[in-house]
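Report on the following structure.
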Amino acid sequence: MSDSDTSASEHTHDTENLEDIDKYLEENGDDSNVEEAKPIVVENIYEDDQKYNEQEFIYDENDPRTRELEALEGEALSRAKIIMDVVKQLRTGKDLYRISLPSALLAPVSMLEYISNFLVPHSFISRVSKQLEPEQRFTSVLKWWVSNLVGTPRPGIMHCKPYNAVHGEVFAAKFISDDSKTYYISEQVSHHPPVSAVYMWNPQKNFSIVGTLKPKSKFHGNSASNVIEGDITFRIHNLDEEYNIVFPYVVGKGLLWGNQCIEISEQLKITCAKTKFSGTVDFKSKNAVKGSIKKDGKRIYKIHGDLQNKLLIKNASNKKETEFLNAVDVPKLYKYVRPVSTQREFESRKVWHRVTHSIKHKNFDAANVRKVSVEEVQRNLRSERKERNEELQSKYFIQSGDSWKFKFEHPGPYQSGDEKALEQNVDLFATQDHELESIKKNVPDFEE
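Going by the numbering used here, the sequence shown opens with residue 189, and the numbers climb by one from there.
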């Protein structure tokens, strides 16, 4: 069934409840209108390391072969198929961790790596520890956080939900700028409920992020949302400042009727207790944004605009309005990850490589089979641990009350040798050889 067959004009209501779903099923029938499934083709790409190396390009968005895959038409994702695959398994408000979504809806990335996409430490934040005025620092933090949301909204609902990270899974990466490196590591430290522990650190720039996150995905009838709940704290080490962050939602709309799109929804909230600054940004439909910055509870700036165009900031006292953020000016920063062929069995890309390969090639039947295989392996491992009365111990984080702390966290200001110590304690980060190989592919006119 095409989008035109289920236009918004035919569904003037927007109540998103089970009565709407039942009505839709009555009008459109079951899956008899869905084309008969094609035979499942599952290629064996794991015979040796050479096969791994041949498939490594699927993680590089700049590789021409990746762009060729993106141009493939793949299988049609009809709304009737979504209904039959999803509605049978849940009711409104149920956690999507407990159901199996069509693989065409899955983003080809684990939740642990997905989180890192909202924390890219580009130049908007790289100098924050040297900014003298608290107002300037707070504005930089807010601008940086909003800037990492710019690329999320888009038409369609393909790839709207990341893989549920498996217990014990770990993702590690580096972000490299002209004069420093930022280290990111996250681990799935709990299965029920799902909990992801996160640590990101730039030693030379004196900032870090710590988080104990509870990613959830909720079904709301005509939409599904990715929700990252929990504690997220941005720290400026040399100034002993902490910024507490409440994350907005990522919502896939139009599952059953109306225009299909992915948008940011709800509210971003940032507070700094030490400087008494706070800020909120509300995300509306069609990328509209409204927000404010307050000092001691009094509003000093208003923010408004289009997330994927321009945001303006207006001084509440003198009414002067200037540009706050331009979407085209958001810097890019490459993420360095070890090749899958060198990763350990618990690393994210290694865990999900078969599924990712199938989704990238738009072989969604194969992706479904491989996803079930990953999940079945995890169920068997949990059963074995239960029989032995064992608990899976976290590799890189330790629990402290309701929070999880990175075992090798360095809370103080930068000291020479900090990076080396971290890379010795956590041997999962890309090496200089891996970095050099990636730079040669992605930086024009690079010379050693």
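Glycine included, each C-beta is placed from N, C-alpha and C at the ideal position. Bear in mind the structure is a predicted one, so any value in this text is a computation, not a measurement.
Beyond the five residues adjoining it in sequence on each side, T421 comes within less than 8 Å, by CB distance, of I397, V398, G399, E430, Y431, N432, I433 in the same chain, given in chain order. The continuous alpha helix (DSSP H) containing Y302 extends over residues 299-304. Between Y584 and I416, the CB-CB gap reaches or exceeds 8 Å.
Listed in chain order, the beta strand (DSSP E) elements of length 3 or more contained wholly in the region 502-548 are 509-514. Under the three-state reduction of DSSP, E249 is assigned to coil, being neither helix nor strand. Taking the Cα positions, I547 is about 44 Å away from D428.
In the three-state DSSP reduction, D553 falls in the helix class (H, G or I).
Separation of I501 and S453 (C-alpha to C-alpha, rounded to the nearest whole angstrom) is 20 Å. For L456, the uninterrupted beta strand (DSSP E) run begins and ends at 449-460, by DSSP. Under the DSSP assignment, E357 falls outside any alpha helix (DSSP H); it carries neither an H nor an E label. Around K369, the same chain offers K362 as residues with beta carbons nearer than 6 Å, after the five sequence neighbours per side are excluded.
Within the DSSP secondary-structure output, P391 pairs in no beta bridge. Between K507 and D484, the C-beta spacing is not below 8 Å. The Cβ atoms of V334 and L513 lie closer than 8 Å to each other. Short of 6 Å from the beta carbon of A555, and not among the five residues preceding or following it, lie these beta carbons of its own chain, in chain order: S291, V543, S546, I547.
Straight-line spacing of the CA atoms in A412 and N390 works out to 34 Å. Taken through DSSP and simplified to helix, strand or coil, L500 comes out as strand.
Runs of beta strand (DSSP E) with 3 or more residues, each lying fully within the region 311-356, are found at 349-351, listed in chain order. In the DSSP assignment, Q603 falls outside any alpha helix (DSSP H) and carries neither an H nor an E. Residue state for K595 is assigned as coil, using DSSP reduced to three classes. In the DSSP assignment, Q587 falls within the beta strand (DSSP E) that extends over 585-588. Closest option to T510, judged by alpha-carbon separation, among L499, V516, F312: L499.
Contact between W592 and V358 is absent: CB atoms are separated by about 13 Å, not below the 8 Å threshold.
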